[in-house]
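Student: Residue numbers (numbering that gives the first Met the number 0), protein chains in the order written: chain D, 0 to 526; chain B, 0 to 190; chain H, 0 to 74; chain A, 0 to 366.
All residues carry an ideal CB built from backbone N, CA and C; glycine is no exception.
All figures in this text were calculated on a predicted structure; none of them were measured in a lab.
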Amino acid sequence: MLFTSLQFIVFIAVLTAVYHLFVPQNEKWGLLLIASLAFYFFADPRYLIFIGVTAFTAYVFAILTEDYNSKRKAYLKANKESFDSESKKKYKATTARVSKLFLALALIINLGILAATKYTNFVIDTINTWRTEPLSFVNIIIPMGISFYTFQTVSYSIDISRGTVKAQRNFWKFLLFTSFFPQLVQGPISRYGDLSETLYNPKPLELRNFSLGLIRILWGYFKKLVIADRLVIGLKTLVETPDEYKGAYVFVVMMLYAAQLYCDFTGGIDITIGIAQTLGVTVKENFDLPYFSKNIKEYWNRWHMTMGTWFTDYIFYPLSVSPTMLKLSKWSRQHLGNAIGKRVTVYISCFCVWLATGIWHGAAWHFVVWGLMNFVVIMASQELEPLYAKFHNKFGFKGKKWYSAFEILRTFLLMSSLKLFDCYRDVGLTFKMFGSMFYTFNIGKLFNGSLLELGLNKGDYWVASIALVIVFLVSLYKKLKGREAREMLFEKLPLFVLCAVCLLLATVVFGAYGTGFDASQFIYNQF
Amino acid sequence: MNKKIVSVLLMASMAFTAVACSSGDEDTAPVVLSGGQATDAVEGSNGAQDPAEVAESGSDAYVFTYNGTQIRMNAPADDIIAALGDGYTYFEAPSCAFEGMDKVYTYNSIVVRSYTRDGADYIAAVELKDDTVATAEGIRIGSTEDEVRAAYGEDGVAGTSGIEYTLGDSFISFIFENGKVVAITYTAIVG
Amino acid sequence: MDELIEILQDLHSDVDFETCTTLIDDKILDSFDIVSIVSEVNDRFDVAIPAKELIPENFNSAAALWALISRLEED
Amino acid sequence: MKKVKGFSLYKVYVVSCIVLGIAAAFFGLWFLQKLLVPKYQRGVVEGAMIAEYYDSEEPHEVIFLGDCEVYENISTVALYRDYGISSYIRGSAQQLTWQSYYLLEDTLRYETPRVVVFNVLALKYGEPQSESYNRMTLDGMAWSSSKWNAIEASMTEGENMIDYVFPILRYHSRWNELTRTDFEHVFQRDRVTINGYYMRTDILPEAEFPSSMPLADYTLPETSMEYLEMMFDLCRENDIEFVLIKAPTLYPYWYEEWDDQVREFADSHHIPYINYIQLRDQIGLDMTTDTYDAGLHLNLAGAEKFADYIGRYLVINYDLTDYREVPEVARLWEDDIQFYDQLRDAQNAELAEYGELRSWGANAIEN
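#1: Can you tell me whether DSSP reads N274 of chain A as helix, strand or coil?
#2: Whole-angstrom Cβ separation of S156 of chain D and L102 of chain D, contact assumed at under 8 Å?
#3: Classify K222 of chain D as buried or exposed, calling it buried when 16 or more other Cβ atoms lie within 10 Å of its own Cβ.
#4: Within a Cβ cutoff of 6 Å, which residues of the same chain sit near K102 of chain B, ignoring the five residues on either side of it in sequence?
#5: For a cutoff of 7 Å on Cβ pairs, would you count G458 of chain D as touching chain A?
#6: Relative to the alpha-carbon of F231 of chain A, which residue among A:F117, A:L284, A:I84, A:S211 has its alpha-carbon at the smallest distance?
#7: Please confirm whether E256 of chain A and Y217 of chain A have their CB atoms less than 7 Å apart.
#8: Quick one: using the 10 Å Cβ neighbour count with 16 as the cut-off for buried, is H334 of chain D buried or exposed?
#9: For the 8 Å Cβ check, are there 3 or more pairs between the segment 349-360 of chain D and the segment 370-387 of chain D?
#10: Give, in chain order, every residue of the segment 29-42 of chain H whose Cβ lies closer than 9 Å to some Cβ of chain D.
#11: Are any of the Cβ atoms in chain B nearer than 7 Å to that of T155 of chain A?
#12: Counting C-beta neighbours from all protein chains within 10 Å, is the total for Q341 of chain A 16 or more, i.e. buried, or is it exposed?
#13: Quick one: what does DSSP say Y87 of chain A is sitting in, helix, strand or coil?
#14: Within 10 Å of its beta-carbon, does A54 of chain D have 16 or more other beta-carbons around it, so buried, or fewer, so exposed?
#15: Given this structure, state the Cα-to-Cα distance separating Q185 of chain D from C262 of chain D, to the nearest angstrom.
#16: Using a C-beta to C-beta distance shorter than 9 Å, which residues of chain A count as neighbours of F173 of chain B?
#17: Please list the partners that G513 of chain D has in chain A, where partner means a Cβ-to-Cβ separation under 8 Å.
#18: Output the distance between the C-alpha atoms of A54 of chain B and I17 of chain A, rounded to the nearest integer angstrom.
#19: Would you call the segment 1-11 of chain D and the segment 128-144 of chain D in contact, with 3 or more CB pairs under 8 Å?
#20: What do you get for G155 of chain B, buried or exposed, if any count of 16 or more other CB atoms within 10 angstroms of its CB means buried?
#21: Take the Cβ of M414 of chain D as the centre, count every other Cβ of all protein chains shown within 10 Å, and call the residue buried at 16 or more, exposed below.
#22: On a Cα-Cα basis, can you pick out the residue from A:M48, A:G139, A:P220 that is closest to G158 of chain B?
#23: Mapping DSSP to helix, strand and coil, what is D49 of chain B?
#24: Quick one, which of D:F495, D:Y346, D:P201, D:T281 has its alpha-carbon nearest S210 of chain D's?
#25: Output the distance between the C-alpha atoms of F338 of chain A and R330 of chain A, rounded to the nearest integer angstrom.
#26: Whose Cβ in chain A lies nearer than 9 Å to the Cβ of F49 of chain D?
#27: Note the first and the last residue of the continuous alpha helix (DSSP H) segment covering E136 of chain B.
#28: Buried or exposed, going by whether 16 or more other CB atoms sit within 10 Å of the CB of K88 of chain D?
#29: For a cutoff of 7 Å on Cβ pairs, would you count A363 of chain A as touching chain B?
#30: Within its chain, find whatever has a CB closer than 8 Å to the CB of S94 of chain B; leave out the 5 residues flanking it on each side and keep chain order.
#31: Among D:E284, D:G336, D:N294, which has the Cα closest to the Cα of R190 of chain D?
#32: Quick check: D105 of chain A and S144 of chain A, are their CB atoms within less than 7 Å of each other?
#33: Starting from the Cα of G233 of chain D, find the closest Cα among D:L453, D:I226, D:G267, D:E239 and give me that residue.
#34: Between C67 of chain A and chain D, is there a C-beta pair that is closer than 7 Å?
#35: Please tell me whether A484 of chain D and I226 of chain D are closer than 7 Å, where the distance is taken between their beta carbons.
#36: If you run the structure through DSSP and keep just helix, strand and coil, what is T287 of chain A?
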């Protein structure tokens with residue numbers, strides 16, 4: 000079920016009505032679980048087995064770990080006198096190994112399922128490039144949202160092992176955390192510590208919360224249907240016939256894709272969080288005005304935030320502060336000098352994070368390269384920082400408004416260029432197309448009507464442009480006032496209602512859905 | 000009591016969604032938009048498709064060659080008609096409410112028909128009129144039923160007066176009289 | 000404590016670490032800085048800060064960080 | 000006390016905002032739907048035919064069912080003028096057999112005719128053909144279980160019931176191609192037929208048709224024959240005479256094998272089947288002057304001749320009322336005749352001026 004499918008909308012409407020009208024407060028989580036499982040069941044009943052196994056693994060090992068840890072703590076406490084600090088350390092170390100083993104088993108099983116389903120064919124394909132007799136692909140089903148829910152259970156397993164969250168003893172409740180359906184389509188990746196309480200004890204129905212959720216859903220659909228699904232048509236033409244559309248067209252691809260991806264992704268997140276909000280569940284934000292970022296690090300702190308923090312907390316930090324790394328850090332500082340030595344370990348961890356990020360995005364080489372390119376850019380900007388500092392000291396541009404605007408524009412263009420990997424889905428082609436921007440000068444061509452041959456007509460461009468201006472103004476409001484425009488609108492109820500109605504009508508009329516818009520699935524169907 | 004109501008409602012809503020699901024377009028597989036980039040198409044798909052298989056299942060169709068010109072069913076008609084030369088008589092018939100135009104080009108030994116879709120013409124059918132022309136498999140008017148079966152196989156669908164073989168979005172039909180082919184027609188399946 | 004402030008000052012000379020209590024919330028320290036701090040602390044105090052302690056609450060102020068170090072030293 | 004009052008006032012304010020909002024949303028959607036659906040007022044007027052039936056006030060003793068072979072070939076006014084037959088043609092472009100069946104069901108909700116005449120050409124289609132034709136036939140139907148079933152039976156791949164229930168979902172992207180006609184006809188439609196008859200007065204003589212394509216299988220599709228049977232049953236249940244005809248036009252080709260099957264059906268069910276192709280001379284058709292599109296369909300002159308011929312058959316064989324003698328019905332027919340004559344004169348005037356029709360047919364497409 001896609002967000003934009005009619006079935007999904009009916010599903011949500013029925014669920015919300017039943018949920019608020021007929022289900023007592025303390026049983027609401029049960030309905031959410033049933034709805035989530037139904038969501039999966041209708042997509043493909045076999046998915047239930049996968050998500051069930053993943054949830055059960057994390058659930059069981061969490062309880063084992065927690066029980067074991069509390070036992071050894073109790074043992075330590077009870078036999079305080081018999082331990083000196085040395086033997087205490089020893090006892091801790093040996094028992095910690097058992098606890099680590101539980102964690103390792105949970106991770107191996109769950110990440111193993113993810114790897115087996117999602118990456119087997121990628122590996123085979125890669126091997127085949129070296130073989131004369133190609134291996135045949137395996138026919139494996141890839142459960143919907145497996146990347147998202149696997150990451151959620153992995154973070155849970157690690158948190159349990161660290162002792163930062165309490166294990167959930169009710170399997171069904173844990174299954175709900177794993178399978179909460181709005182998140183399975185586009186994320187975000189929630190943490191057990193953030194989501195559990197609100198999921199098991201949702202807020203009761205309340206006008207403000209419900210209205211804000213509802214208008215957020217509408218806003219999400221508006222962005223997705225009116226902008227993203229419309230621009231996709233033009234993008235499809237541009238990307239699928241790269242030989243015809245070089246040079247300035249690549250820039251058009253960059254711009255269209257930046258707008259398309261932003262609207263599609265944030266729109267989807269708005270729908271997810273909006274649905275959760277109308278159900279009284281608070282889901283963590285995933286975006287914070289990423290296109291206003293002044294540098295790439297800031298960008299990644301604002302774009303797909305739940306993924307960014309996941310990689311930071313569960314890969315970057317553990318790697319960086321692991322004893323091996325600390326030793327390496329010491330060594331490199333001694334041998335390579337303080338300045339470089341300090342950075343070596345950080346960069347190694349950073350490299351691993353971006354390699355993993357690339358692979359996580361999809362089983363294809365262009366994602367890997369895309370991830371590593373991000374690493375390169377981050378590293379470069381890090382290395383150039385002293386240079387920047389000198390520059391700023393000399394000219395004093397920093398903090399000036401026009402310079403901020405320049406920084407924002409620079410970051411936007413940089414990130415948009417990196418996204419080309421995702422557009423062309425072929426590493427060589429992406430480099431070729433990017434290069435063509437600099438040696439094929441055909442800007443004039445853009446204005447002789449060739450943009451109207453991409454499958455979008457004048458009306459489409461107008462609608463998309465006006466809608467993008469609206470999106471920009473709403474973002475600008477948040478940037479300047481520090482809160483969402485819808486919260487301000489809610490204080491003037493009639494205006495709020497009017498906006499909601501207009502959003503609904505505009506989406507129904509100007510949305511790129513239904514017959515004549517079948518092309519909208521291209522982004523997803525390329526594999 | 001309350002629980003009962005809830006469960007009944009649930010069942011009802013499930014049934015409703017089940018109905019809604021089955022009536023919808025099933026072919027849009029559930030898709031996951033994953034991380035920072037939009038994609039991750041594979042999630043939610045039922046197994047990876049062999050790329051070769053995809054290419055093959057594209058738009059296969061019967062092709063008839065006349066005087067060196069390949070006439071493929073459902074192919075754009077303009078170039079083919081141009082290549083076939085001027086030796087034809089022409090007939091056109093608008094369908095009700097201008098929903099398209101059936102055009103018929105009659106040559107010495109064949110009749111070519113086209114249909115209109117979105118302002119462009121496509122090959123709708125080719126009819127073989129005499130035994131000076133033959134299909135790619137060597138069947139011509141006057142061939143026997145057995146020869147047809149030998150050339151095209153046994154998986155044809157027999158009708159009251161002939162047999163049809165389907166390939167991709169086209170089919171070829173042979174009409175028999177007294178065990179001999181009296182007419183051969185290629186027809187496009189217009190989706 | 001002074002030594003800790005020194006470490007922090009090395010990273011960002013323009014921040015008043017004695018008083019600031021929103022080092023993470025206001026995005027003054029990023030993940031790279033945190034890793035640098037952990038490795039410096041490991042060197043100078045011989046205290047290994049495990050990954051599970053790398054949470055905003057422990058890094059929002061110099062005082063919180065000092066408290067963390069003291070706690071870990073005791074263990 | 001005051002506090003309670005203030006509180007309830009606020010509640011009233013909130014509730015009225017919500018209610019007004021919901022009302023505005025529904026009204027907006029309803030209006031936009033009205034605006035965005037195609038009106039079929041110029042050029043392709045076939046899409047407006049089905050809905051026009053509901054505006055016709057006189058009783059109809061004869062109902063014609065079928066595609067362009069009825070709505071372009073039989074002048075309802077000639078039937079009335081010559082014989083006093085009050086009839087209606089429930090036909091539309093490429094109307095499929097099951098659509099004719101459900102339109103009969105639909106008609107029976109309003110009146111019970113004495114005779115139902117079905118043109119058999121559509122029997123050759125066993126499957127839905129195209130969405131546009133579906134839309135032109137189905138969108139105009141008033142809502143009933145018949146419409147629902149007709150849609151169910153007619154949907155092509157990729158079509159959804161919901162798009163018929165809420166046409167705005169199907170036509171929303173027409174915001175880009177709205178014309179003046181759309182704005183002028185949001186709430187009212189112009190008349191495009193006279194009791195279902197679509198008039199054309201221009202002339203294009205019949206040309207030679209290409210030879211027919213041989214078929215591997217001449218069996219008429221099971222589906223359409225089933226619906227024919229259902230039409231027969233429905234007529235019998237309602238004491239309606241059921242008549243099968245094949246219009247006198249030669250193209251699309253009507254195979255003899257098909258003719259035999261229909262004849263067999265008619266014989267076994269003891270109903271008449273008249274193939275007018277064989278009766279072209281008796282009808283008096285002169286295909287150099289009586290067709291407007293090279294012989295596919297009849298023009299006004301041809302349609303009046305055919306109406307005259309089929310009308311005689313109907314009055315002789317069935318006990319039909321001569322509505323010229325029933326003042327309240329005759330009055331209504333006078334209006335129809337007036338419209339008919341005006342339309343004919345207008346078309347003739349254009350023909351005289353330009354040599355072709357500009358406000359009707361392919362030249363006028365603006366839908």
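Tutor: This is what the structure gives:
#1: strand
#2: 6 Å
#3: Counting Cβ neighbours within 10 Å, K222 of chain D comes out buried, since at least 16 surround it.
#4: E91, S113
#5: Using beta-carbon distances, G458 of chain D counts as an interface residue toward chain A, with a partner under 7 Å.
#6: A:F117
#7: yes
#8: Of the residues assessed, H334 of chain D falls on the exposed side of the cut-off, its CB having fewer than 16 other CB atoms within 10 angstroms.
#9: Yes: at least three Cβ pairs fall under 8 Å.
#10: D29, S30, F31, I33, V34, S35, V37, S38, E39, N41, D42
#11: At a cut-off of 7 Å between C-beta atoms, T155 of chain A does not count as an interface residue with respect to chain B.
#12: By the 10 Å Cβ count, Q341 of chain A comes out exposed.
#13: strand
#14: Counting Cβ neighbours within 10 Å, A54 of chain D comes out buried, since at least 16 surround it.
#15: In a straight line, the C-alpha of Q185 of chain D is about 13 Å away from that of C262 of chain D.
#16: A215
#17: D162, L168, R169, H171, S172
#18: Legend: pLDDT at A54 of chain B = 34, less than 50; position of this residue unreliable, no value from coordinates given.
#19: no
#20: buried
#21: buried
#22: A:P220
#23: Model confidence at D49 of chain B stands at a pLDDT of 36, short of 50, so the residue's coordinates are unreliable; what they give is reported in the following sentence. Of the three classes helix, strand and coil, the one that applies to D49 of chain B here is coil, per DSSP.
#24: Proximity to S210 of chain D across D:F495, D:Y346, D:P201, D:T281 peaks at D:F495, based on C-alpha coordinates.
#25: 13 Å
#26: The premise fails here: F49 of chain D is roughly 30 Å from chain A at the closest Cβ pair, so nothing lies under 9 Å.
#27: No alpha helix (DSSP H) holds E136 of chain B; DSSP gives it neither H nor E.
#28: exposed
#29: Any Cβ of chain B closer than 7 Å to the Cβ of A363 of chain A would place that residue at the interface, and such an atom is absent.
#30: M100, D101
#31: D:E284
#32: no
#33: D:L453
#34: No, no contact with chain D.
#35: no
#36: coil
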